[in-house]
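The opening residue of the sequence shown carries number 4 in this note's numbering; numbering runs sequentially from there.
Where a beta carbon is used, it is the ideal one built from N, C-alpha and C, also for glycine.
To keep things clear, I will list the structure first and then write my remarks on it.
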Amino acid sequence: MNTHLQAYLPGPEPLQNNDHTSLQRQAMGEVLRLSPAVLRPLESQIASDYQVAVQRAQDRLAADKSKIDAALQAGSQEIQRQYDARREATRADYEARLSTIKVDAQHGHNRVNQKATELKSKAEKEYQDQVMVVEYVAEGATTKVQQGRMTAQAAVQAARQYLDALGMQADELLRLYRQSVPPLGERAQPDTDVGPSPAEVYRSQQALAELHLETLGRLFTARLFVGVYPLLFIGGVLGIAVMLLTLLYLLKVPGLPSLLVTGPVTVGLVIVLVGLGGRALWQRAKRQVRREFTAFQEAVTVARRALDQQQELTLQDIEGQSRTSLEQTEAESRKAREALEATKIRIAKQRSTSLQEVDQRGREALDRLKQQRDKALNEAERDYREHRLALEQRHRQELAQVQARYDQDMAACENEHRTSRQRLEERLDKGLACVRAMLQDTADLSTRGVAGWDHLLVESWTPPQTPPSAVRFGAFALDLRSLTDTVRARLGPGLGPTGPVVLPALLEFPRQCSMLLQSPREGRELALETLGQ
4 MNTHLQAYLP
14 GPEPLQNNDH
24 TSLQRQAMGE
34 VLRLSPAVLR
44 PLESQIASDY
54 QVAVQRAQDR
64 LAADKSKIDA
74 ALQAGSQEIQ
84 RQYDARREAT
94 RADYEARLST
104 IKVDAQHGHN
114 RVNQKATELK
124 SKAEKEYQDQ
134 VMVVEYVAEG
144 ATTKVQQGRM
154 TAQAAVQAAR
164 QYLDALGMQA
174 DELLRLYRQS
184 VPPLGERAQP
194 DTDVGPSPAE
204 VYRSQQALAE
214 LHLETLGRLF
224 TARLFVGVYP
234 LLFIGGVLGI
244 AVMLLTLLYL
254 LKVPGLPSLL
264 VTGPVTVGLV
274 IVLVGLGGRA
284 LWQRAKRQVR
294 REFTAFQEAV
304 TVARRALDQQ
314 QELTLQDIEG
324 QSRTSLEQTE
334 AESRKAREAL
344 EATKIRIAKQ
354 RSTSLQEVDQ
364 RGREALDRLK
374 QQRDKALNEA
384 ERDYREHRLA
394 LEQRHRQELA
404 QVQARYDQDM
414 AACENEHRTS
424 RQRLEERLDK
434 GLACVRAMLQ
444 DTADLSTRGV
454 AGWDHLLVES
464 WTPPQTPPSA
474 VRFGAFALDL
484 RSLTDTVRAR
494 LGPGLGPTGP
504 VVLPALLEFP
514 RQCSMLLQSP
524 REGRELALET
534 LGQ
């Protein structure tokens, strides 16, 4: 039993004066001692002490079991060590005698395996050499094919770029000559075969396109309409006309009209002639430009078609070479692999026959040796089981003793816990008895003696004939619902926590008690009148 519980258990002291005030004070003190703030720590301490005692008993049981288990483990290890030693001795003897059998068999195996390995290594080396040669040739062919493909693609790409550059130059000349570029439909040509020699066709058409482009750039009639050449042409014609007119007037040709008449007429005629001649030259230049540009486009189109067909023929030839090289490589590799597999099968058959003869002799000797070993191991196993059974029997007896001591400790813990709870409940009953006594005494008080002050305001009130034993100056509420569950379970009939209980606050006479009345200013006269009565 803990010290806090021992200090709490002493019950309420007997009252020297059985007046209501002393009884009320004692009951209110017990209510405080029955409050959750006081009881819950005590109940928690009782439960904690019980748990500590149980844990101590469990720890002791665990420690005892640990010692017993350690002894069992040590004994088991010793028995196991002896058993392993006998097995190891038997195994060592078996291995020593087995080594003699294995030596003879091993020599035979080594000879057979060595011969088979040598033959197999020789065959594999020949196969690797053949594969290496085949792979080397195949890699060279593959590299050659890739280089040929890249070279062909690069040549075709360069040729296409060159043709594109020629086309850009031709388009630039058209813009320079102020001629419209013919639409795609006018320049498109049917997709026909260029013949058995696309390379020759491409070279000839490229040269023809370059020739037409050069001719297109040297067209004199078209260049008259480029830049300032039209102005120079008009100015030259006007200059010639002015020079001729001036020469006529200088020669004083008879019959010439005035210069004011011939000048404007001459200028007008020159303008008309320049307009008509310029239009004729423009149409001629346009026909020349279109003819040369169309011929250039046809040459470029045929060159592109020849270039595409040449690329296709080149790639087909390269792919054919690649397939031929690959098929040849696969055929040679397959032939070498089949020869290797046939050689391995023949070597494996020879090796299997020789090993079977060696193994047959070894199995006969090994069977006799295993019989002797199994007999020794069975004897060791029998002794091991007997010793193990005796050790486990002793272990069970010791565990039973430890368990019995644990049961005794747990019974003592339960008894101590039950005693503490019982004494605490007895103390709670004493406190509740004080509360019941106070409530009963409150109920027995005279109604007039403990009545409130409100009845004084009634006109029919008359002072009592005998002085009261106490005067009520207030009231307070006692709420038993705030008590702990343990206390409320022991309240019994009549004290159920249905709500707060209103108790009067009394001053008993004669005990030299004093009373202070406090009232607001408007109730001062009524208070003095009340005290006077």
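Contact set for residue i: own chain, Cβ-Cβ below 7 Å, skip 5 residues either direction
i	result
L18	S25, L26 and Q29
Y387	I82 and Y86
T6	none
A60	Y409, D412, M413 and C416
R36	G434
E33	P15, G434, C437 and V438
G188	Confidence at G188 is low in this model, with a pLDDT of 43, below 50, so the placement of that residue is unreliable and no value is reported for it.
A478	V505, L506, P507 and A508
Q172	L216
Q314	A155 and V159
R430	Y11, L12 and G14
T218	E295
H390	I82
R524	none
Distance between residue j and residue i (C-alpha atoms, nearest Å)
i	j	result
E333	R376	58 Å
R308	I321	20 Å
D52	G78	39 Å
A191	G170	In this prediction, A191 scores a pLDDT of 41, lower than 50, which makes its location untrustworthy; the coordinate-derived value is nonetheless stated afterwards. Approximately 14 Å between the Cα atoms of the pair.
L316	R206	16 Å
Y11	Y409	31 Å
A436	Q54	31 Å
K378	Q76	28 Å
L8	V405	32 Å
H215	E295	6 Å
H112	R84	38 Å
A95	A66	41 Å
L506	Q58	48 Å
A339	L122	16 Å
E401	G365	53 Å
Y130	T103	40 Å
Q133	E330	16 Å
A157	A342	44 Å
R426	S47	15 Å
D174	M135	58 Å
T422	A407	23 Å
N381	R399	27 Å
S357	Q319	57 Å
R326	M153	17 Å
Q209	R293	19 Å
D447	R475	15 Å
I71	L64	10 Å
H420	L494	23 Å
Residue i - partner residues in DSSP beta bridges
i	result
G32	According to DSSP, which records beta bridges pairwise, G32 is partnered with nothing at all.
L343	L343 pairs with nothing; no bridge assigned.
L510	V474
Q479	The sequence shown places Phe at residue 479, rather than the Gln named in the question. Its beta-bridge partners are L506.
Same chain, Cβ closer than 8 Å to residue i, neighbours up to 5 away in sequence not counted
i	result
P39	S485, L486 and T487
A212	L166, L169, F299, A302, V303 and A306
E528	none
L101	L369 and L372
R424	I49
K68	L402 and V405
A440	L26 and A30
V115	R354, S357, L358 and V361
Cβ-based neighbour list, residue i, same chain, cut-off 6 Å, excluding 5 preceding and 5 following
i	result
A92	none
V162	The identity of residue 162 in the sequence shown is Ala, whereas the question assumes Val. Only L310 meet the Cβ criterion.
A119	I350 and R354
R89	A383
T346	A126
L481	V504 and L506
P201	A309, Q312 and Q313
E335	V137
Y97	R376
If we count Cβ pairs, one from each stretch, closer than 8 Å, do we get three or more for the segment 42–57 versus the segment 385–395?
no
So, does the segment 132–142 touch the segment 406–417, judging by three or more C-beta pairs under 8 Å?
no
If contact is defined by three or more beta carbon pairs under 8 Å, each pair taking one atom from either stretch, is the segment 351–364 in contact with the segment 100–108?
yes
Between the segment 61–76 and the segment 350–357, do at least 3 Cβ pairs fall closer than 8 Å?
no
Ranges of the alpha helix (DSSP H) found wholly within the segment 15–101, counting only runs of at least 4:
23–36
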